[in-house]
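Note that the UniProt record's numbering has the sequence shown beginning at 1, numbered continuously upward.
Glycine is no exception: its CB is placed at the ideal position from the N, C-alpha and C atoms.
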Amino acid sequence: MRYARYFVLVGLALIALFFYVKATSRNKGWPWDKKTDVTRNERCISKLWFYIVSLRVPIISILVILSLPIISATVAKRFLGNLYSLEYSWQISVVIFASGMMSLIAITTLETIAENIELRLELPLGERHNFFTKGRFSRGAFTLILASPTVAILFYKSLDIGVYQVVTGIIFGGLASIVFLYSIHSFHNWAKTRHRKLFEGFFKFILTGNINSCNNHKSLNGYFHSNSPASRTILNEHIWNLLLFVSGLFFYSITAFIFYPGNNILGLDDPPALWFAYLIIWMLTGILGGITFLADRFRIPVLLALFIFTGLSYLAFDVDHFYSLEPITKNSVMYTADNSRQTDDFISIINNKFSKSSLDKEKRTLVIVGASGGGIQASGWTVEALEGLNQDLGKEFTNSIGLISSTSGGSVGTMYFLDGLKDGSLPETSSSNLIFEKATSNSLDAIGWGLSYPDFLRIISLPPLAGDDLKDRGYAVEDDWKNLMQNPDTKLSDWKRSIDKGEIPIPVFNATLIEDGRRFLISPVSLIDGNLQDLVCNQNSNQLDRKALDFRTLFPNKDLFVTTAARLSATFPYVSPIPRNQEAQHLECPGSSTESHDFVYHVADGGFFDNSGLFTAIEWVDNLLKNPVSELEVERILLLEITAFPGEKLKGQKGNSGWLNEWVGPLLTLNSVRDSTQKARDQKEIEGFADLWRSKGIKVEHFSIPYNSNNQPLSWKLSLNEKDNIRDEWNSYKRSSEYRCLNKYWTETDKWDSKENCLANEEKLT
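Laid out in structure tokens, this is it:
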């Protein structure tokens with residue numbers, strides 16, 4: 001049915017195109033032809049605008065080629081800077097090669113259109129202009145100019161791997177470009193002498209639908225030399241552009257085959273994200289430049305038509321992004337016979353963890369961790385902090401962690417941290433460092449693959465070629481993460497068994513449900529009261545609904561890979577897709593034959609509501625108060641806040657322009673107020689939380705572990721330098737008064753007074 005809708009859509013588009021061409025085919029000539037009072041300046045301005053419109057594709061391509069490296073190193077440094085930070089010489093070489101080819105096809109496309117557009121449109125006195133009088137030399141010079149920003153930024157950003165490696169990569173990339181261009185040039189010369197008729201037949205078929213079309217056919221204007229119709233031959237630049245485009249298509253196809261996730265036949269790391277980006281620009285410049293040159297004769301707005309057709313094909317194919325829910329077996333710890341929510345005994349879970357502790361009850365501390373979002377930077381900082389505390393405070397500290405509530409990048413770090421635990425403890429230091437390397441591993445290249453293949457094919461209205469609905473950039477990132485994990489196929493149910501045994505803390509991956517804005521708490525345990533039936537069918541469900549749903553409640557008797565859980569929590573805007581459950585969760589209210597509900601939610605990053613993870617953590621601990629405190633075998637609660645960003649001083653503001661505020665002011669406000677309101681809310685929550693538990697006789701302290709350096713990257717790739725900065729920042733934090741007090745809090749239990757007094761004493765000593 002999906003394919004039938006697609007072919008109907010294509011048919012309607014072709015019919016509309018036919019009538020549009022028929023209606024506009026008589027509309028020839030310059031825009032001012034029907035006017036008699038046009039001045040010379042008006043003619044010049046109109047002609048300039050005419051060429052800008054005709055050359056829109058190569059102009060846009062050239063602007064992107066020039067500006068992307070510059071923007072990534074300046075105004076968008078935090079988001080795009082590490083695109084140009086490469087790890088191997090071969091990666092630098094392929095990017096240099098792609099940069100050269102991309103620049104060359106932009107120049108040749110601009111040259112071809114500029115020199116032949118007047119003939120193509122049959123304009124009065126139309127002639128073939130020769131803008132590049134020096135031929136290959138001019139094209140080569142302009143190509144070098146276009147590629148130079150990429151070379152410069154690559155050299156600057158990749159120096160972490162050593163000057164020799166960078167220079168070697170640049171040289172080999174340049175040599176590869178020269179050799180490849182020589183091969184294309186030789187093939188072009190051979191083809192135009194031996195097989196010119198083949199190329200002429202190809203273009204005649206594209207332009208007229210008949211390979212034997214007569215040479216004076218008007219549709220051939222701009223493609224064939226303008227000498228006598230009987231002897232017209234195809235222009236060489238069209239053969240050259242076709243060969244360049246086919247070359248880009250070849251590299252695009254071979255990369256898809258070699259580096260398909262799970263089938264890397266060369267065993268190399270993924271090509272850099274820039275390779276994928278430059279391949280797309282390379283191909284789009286060639287194909288869109290050719291289409292606009294062909295279609296402008298009929299006044300078809302190509303880019304607008306493609307945009308509309310893409311949107312319609314999304315509707316026709318029901319194109320969306322999905323994540324998979326896994327079936328659950330009857331012997332699973334998460335299975336319930338009646339599809340209802342299983343209630344977890346958190347008191348037993350916590351006491352189970354402490355049953356292995358050598359500490360007396362009076363010295364036991366329940367540690368609750370909130371790990372903030374912030375991309376791969378937050379992932380690395382979360383692991384570095386937890387590993388560092390394990391090393392300095394001992395295994396008892398790690399075993400005392402009852403819950404980790406994480407968001408976005410913090411969720412990825414939490415996933416790797418829990419995957420690295422063995423019987424509740426971290427391995428030796430050498431293996432522990434490996435966890436940090438996994439948590440800071442590059443995910444940007446996998447995103448590049450996903451954007452360039454399955455997602456790109458969906459965008460250009462070819463969803464059938466994209467394959468499985470689950471295959472997208474989110475899938476590619478998950479595949480990368482699985483390849484790095486000790487236990488790649490771990491599901492929430494596997495962690496549930498470990499939680500019940502007291503081997504790992506309870507993880508909560510915070511996410512957001514797009515359709516109604518609720519928090520979505522992805523965890524192996526049940527976190528909210530009631531089940532889905534209560535929330536939907538019970539008139540008193542408002543007493544249960546706290547604007548949150550957890551995984552166990554929304555999807556009873558379903559399971560989820562932990563990589564999927566982390567990915568859903570870390571759905572960075574535009575970088576990762578916002579997916580929905582592939583199969584709708586169906587519910588029928590008992591006693592009603594008509595009231596049934598399907599639940600399909602798109603899941604986004606958890607940072608929209610709780611970027612610190614603290615709100616969920618505090619809410620969970622507060623739920624423990626429903627039980628008698630005497631049943632909880634702990635004396636103290638430590639609330640640990642791991643934040644990937646420093647507290648900022650108040651900065652001067654110049655104010656945005658009135659025009660900007662008029663258009664995007666509300667969006668800017670929503671984005672700006674999110675962090676400030678969350679911080680204010682978290683502070684009040686912490687104060688109320690501490691007072692409440694102290695009134696029950698349990699001491700509460702809150703410590704923060706902020707990453708205090710500025711200009712943290714917000715992408716999913718870290719340079720070697722930035723990884724070292726995380727380690728250096730941890731060592732710097734260990735010298736702070738906050739850390740010394742945290743150490744005393746843990747090791748000098750009997751002498752501990754309060755955090756405020758400890759910090760005051762530390763200030764006096766320093």
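Would you decide whether arginine 735 is buried or exposed? Buried here means 16 or more other CB atoms lie within 10 Å of its CB. exposed
For glutamate 633, which three-state DSSP category applies? coil
Would you call serine 186 buried or exposed, if buried means 16 or more other Cβ atoms sit within 10 Å of its Cβ? Exposed is the call here.
Take the Cβ of asparagine 581 as the centre, count every other Cβ of all protein chains shown within 10 Å, and call the residue buried at 16 or more, exposed below. buried
In the DSSP assignment, what residue or residues form a beta bridge with proline 271? In DSSP, proline 271 forms no bridge with anything.
Specify the secondary structure class of threonine 643 as computed by DSSP and reduced to three states. It is a strand residue.
Since tryptophan 449 contacts phenylalanine 322 with CB under 8 Å, what's their CB separation in whole angstroms? Between the beta-carbon of tryptophan 449 and that of phenylalanine 322 there is about 18 Å, and that puts the pair past the 8 Å contact cut.
Secondary structure at leucine 624, three-state DSSP: helix, strand or coil? helix
Opposing strand residues paired with serine 425 [DSSP bridges]: Lys422
Leaving out five residues before and five after isoleucine 107 in sequence, what residues of the same chain have Cβ atoms less than 6 Å from its Cβ? Arg139, Phe142 and Thr143
What residue does the alpha helix (DSSP H) around histidine 238 start on, and which one ends it? 236-258
Quick one: using the 10 Å Cβ neighbour count with 16 as the cut-off for buried, is cysteine 44 buried or exposed? Exposed is the call here.
In angstroms, rounded to a whole number, what distance separates the CA positions of methionine 102 and asparagine 221? Separation of methionine 102 and asparagine 221 (C-alpha to C-alpha, rounded to the nearest whole angstrom) is 27 Å.
Relative to the C-alpha of phenylalanine 397, which residue among Ile328, Ser405 and Glu387 is closest? Of the candidates Ile328, Ser405 and Glu387, the one whose C-alpha sits nearest the C-alpha of phenylalanine 397 is Glu387.
Measure the C-alpha to C-alpha separation of lysine 679 and proline 69 and round it to an integer number of angstroms. 35 Å
Helix, strand or coil for arginine 519? Go by DSSP, reduced to three states. strand
Need the endpoints of the beta strand (DSSP E) that glutamate 588 sits in, please. 585-588
Buried or exposed: which applies to serine 441, given that a residue is buried once 16 or more other Cβ atoms fall within 10 Å of its Cβ? buried
Got a sec, what are the start and stop residues for the alpha helix (DSSP H) leucine 68 sits in? 56-73
Taking contact to mean 3 or more Cβ pairs, one atom from each stretch, closer than 8 Å, check whether the stretch 521-536 and the stretch 546-557 are in contact. yes
Grouping DSSP H, G and I as helix and E and B as strand, with all else coil, what is isoleucine 328? coil
Suppose contacts are defined by Cβ-Cβ distances below 8 Å. Is isoleucine 698 in contact with glutamate 635 by that definition? Using a Cβ distance threshold of 8 Å, isoleucine 698 and glutamate 635 count as a contacting pair.
Start and end residues, beta strand (DSSP E) containing glutamate 701: 699-706
With DSSP collapsed to three states, give me the class of histidine 225. coil
Just verifying my parser: in three-state terms, what is the DSSP assignment at phenylalanine 509? The three-state secondary structure of phenylalanine 509, taken from DSSP, is strand.
Flag this pair as yes or no: are the beta carbons of residue 802 and glycine 248 separated by less than 8 Å? With the chain covering only 1 through 766, there is no way to say anything about residue 802.
Does DSSP classify arginine 735 as helix, strand or coil? coil
Beta-carbon contacts of phenylalanine 172 that lie in its chain and below 6 Å, excluding the five residues immediately before and after: Ser93
Nearest residue (CA-CA) to tyrosine 51, options Leu110, Ser89 and Ala76: Leu110
Ends of the beta strand (DSSP E) at threonine 382? From DSSP, threonine 382 is part of no beta strand (DSSP E) but of the alpha helix (DSSP H) over 375-393.
Measure from the alpha carbon of threonine 563 to the alpha carbon of each residue in Asp296, Leu532, Ser408 and Leu587, then state which is nearest. Ser408
Can you tell me the Cα-Cα spacing of phenylalanine 346 and threonine 414, whole angstroms? 20 Å
How do the stretch 486-506 and the stretch 573-587 stand: do at least 3 beta-carbon pairs fall below 8 Å, yes or no? no
When you compare only the Cα positions, how much space is there between asparagine 721 and phenylalanine 79? 16 Å
What would DSSP say about threonine 440, mapped onto helix, strand or coil? coil
If you draw a straight line from the C-alpha of serine 596 to the C-alpha of valine 412, how long is it? 36 Å
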